[in-house]
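In the numbering used here, the protein residues as written are 1 to 380.
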């Protein structure tokens with residue numbers, strides 16, 4: 001039987017302690033030992049320099065992953081963290097655009113971001129939520145850059161061949177600061193105008209992208225009847241990001257149900273003048289089909305079938321989303337829901353989403369299917 005002296009166990013215990021000290025130290029012990037060695041070998045000034053240079057990197061190395069980035073309801077990183085303090089000089093601060101001033105019949109060149117302030121102020125009420133105003137700013141910036149780049153590549157519109165953009169609804173409504181002040185007053189300039197400038201500034205340089213490329217048709221309109229339209233159901237072309245989606249937050253829209261009375265005789269005269277339709281009666285007026293967004297696709301008037309868009313234009317209706325009923329005295333009641341063409345982002349829907357807590361990026365990605373928000377790269 002082996003026996004061990006007391007001295008043997010003492011030596012074994014000391015050796016075990018030394019072996020424990022050779023294990024990898026914890027992060028805090030590592031830092032402590034590192035600074036202890038530096039302090040013994042360097043003068044105070046060198047110690048301070050090393051601390052300033054290496055401490056941030058060490059802290060990131062040791063504690064990275066302990067505080068994850070905030071995410072929104074859809075798991076997207078908040079844009080304030082994706083693009084912290086993005087300066088407009090990154091992409092668009094010095095980007096100049098030339099617009100056609102329709103009333104004055106001349107061109108005007110100005111900074112893109114300044115131009116966008118005048119666009120957002122003219123296209124969306126300043127009383128809307130900041131996130132909705134930011135979504136409008138991104139959509140307007142994307143539209144502007146797309147028109148400029150496409151115009152440079154293939155020529156400008158025949159309606160304004162001197163410039164890629166005009167100041168009317170044909171492109172985007174734009175009003176300079178002095179005109180806005182005259183229309184809205186100085187108190188609005190102090191509050192509303194500054195609110196819009198903030199929305200443009202906080203999204204500076206950001207645009208809509210689809211599969212890495214600039215979105216070419218970031219269309220928007222005033223209000224929907226509860227669902228947006230596929231682009232090909234209203235216009236000619238189909239775009240993958242202009243799909244029909246629910247627009248559930250239209251509660252504040254003043255265009256939810258608007259009645260328009262049209263005497264049968266007036267409708268008959270218009271149909272004959274515009275489309276050569278004769279023999280219009282209450283018996284041959286009916287809706288035939290609807291779009292995916294709920295608007296009228298086809299409607300019979302007399303002996304012809306017109307599109308919902310043609311009917312809307314013929315009668316000056318606010319929306320192609322309408323029903324028809326008959327009132328006393330051979331009068332038709334067209335009840336419209338929404339305001340505008342219905343393709344892309346609903347502005348009242350965007351504001352409703354913002355009121356419900358959705359962010360700028362969530363609003364845009366809802367209305368523009370499959371898109372991302374990122375900095376402008378300088379090309380299509």
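The beta carbon of each residue, even a glycine, is placed where N, CA and C say it ideally should be.
Is it buried or exposed for residue i, if we count other Cβ within 10 angstroms and need 16 for buried?
i: residue 354; result: buried
i: residue 279; result: exposed
i: residue 327; result: exposed
i: residue 160; result: buried
i: residue 218; result: buried
i: residue 366; result: buried
i: residue 283; result: exposed
i: residue 118; result: buried
i: residue 89; result: Bear in mind that a pLDDT of 39 at residue 89, under 50, signals an unreliable position, so the number given afterwards is only what the model happens to contain. With fewer than 16 Cβ atoms within 10 Å of its Cβ, residue 89 is classed as exposed.
i: residue 182; result: exposed
i: residue 305; result: exposed
i: residue 286; result: exposed
i: residue 347; result: buried
i: residue 224; result: buried
i: residue 238; result: exposed
i: residue 379; result: exposed
i: residue 186; result: exposed
i: residue 56; result: Legend: pLDDT at residue 56 = 48, less than 50; position of this residue unreliable, value from coordinates given subsequently. It counts as exposed.
How many whole angstroms separate the CB atoms of residue i and residue j, which I take to be in contact at a CB cut-off of 8 Å?
i: residue 340; j: residue 251; result: Not really, about 17 Å apart at Cβ, beyond 8 Å.
i: residue 319; j: residue 342; result: 7 Å
i: residue 199; j: residue 97; result: Residue 199 to residue 97, Cβ: 18 Å. No contact.
i: residue 262; j: residue 315; result: 6 Å
i: residue 350; j: residue 158; result: Incorrect: roughly 31 Å between the Cβ atoms, too far for contact.
i: residue 265; j: residue 301; result: The pair is not a contact, with the Cβ atoms about 14 Å apart (cut-off 8 Å).
i: residue 122; j: residue 175; result: 5 Å
i: residue 345; j: residue 139; result: 6 Å
i: residue 163; j: residue 100; result: 4 Å
i: residue 260; j: residue 317; result: 6 Å
On the DSSP bridge list, what partners appear for residue i?
i: residue 296; result: 290
i: residue 327; result: 331
i: residue 345; result: 220
i: residue 371; result: The partner list for residue 371 (beta bridge, DSSP) is empty, contrary to what the question assumes.
i: residue 188; result: According to DSSP, which records beta bridges pairwise, residue 188 is partnered with nothing at all.
i: residue 106; result: 101
i: residue 319; result: 340
i: residue 166; result: 100
i: residue 119; result: In the DSSP output, where bridge partners are listed per residue, residue 119 has none listed.
i: residue 210; result: 213
i: residue 361; result: For residue 361, which the question treats as bridged, DSSP gives no partner whatsoever.
Taking the straight line between their C-alpha atoms, what separation do you get for residue i and residue j?
i: residue 87; j: residue 246; result: Bear in mind that the predicted position of residue 87 carries a pLDDT of just 43, short of 50, making it too unreliable to give a figure here.
i: residue 152; j: residue 105; result: 21 Å
i: residue 375; j: residue 184; result: 32 Å
i: residue 146; j: residue 215; result: 7 Å
i: residue 332; j: residue 213; result: 47 Å
i: residue 275; j: residue 322; result: 21 Å
i: residue 92; j: residue 144; result: 11 Å
i: residue 330; j: residue 358; result: 47 Å
i: residue 256; j: residue 130; result: 23 Å
i: residue 167; j: residue 126; result: 19 Å
i: residue 229; j: residue 179; result: 34 Å
i: residue 196; j: residue 268; result: 46 Å
i: residue 310; j: residue 190; result: 43 Å
i: residue 137; j: residue 281; result: 47 Å
i: residue 77; j: residue 150; result: Note that residue 77 scores 36 on pLDDT, short of 50, meaning its location in the model is unreliable; the coordinates nonetheless yield the value given after this. Roughly 31 Å between the two C-alpha positions.
i: residue 220; j: residue 128; result: 15 Å
i: residue 370; j: residue 273; result: 43 Å
i: residue 116; j: residue 364; result: 17 Å
i: residue 244; j: residue 356; result: 21 Å
i: residue 298; j: residue 248; result: 25 Å
i: residue 171; j: residue 142; result: 12 Å
i: residue 240; j: residue 253; result: 27 Å
i: residue 148; j: residue 156; result: 8 Å
i: residue 360; j: residue 295; result: 27 Å
i: residue 409; j: residue 110; result: Residue 409 lies beyond the range of the chain shown here (1 to 380); nothing can be said about it.
i: residue 377; j: residue 277; result: 52 Å
For chain B, is any of its Cβ atoms less than 7 Å away from the one on residue i?
i: residue 289; result: Absence of chain B from the displayed structure is noted, only one protein chain being present.
Please confirm whether any heavy atom of the ligand NAD lies closer than 6 Å to the CB of residue i.
i: residue 210; result: Ligands in the displayed structure: none, and consequently the ligand NAD is not present.
For this session: Determine contact between the region 283–300 and the region 229–241, defined as no fewer than three beta-carbon pairs at a distance below 8 Å.
Result: yes
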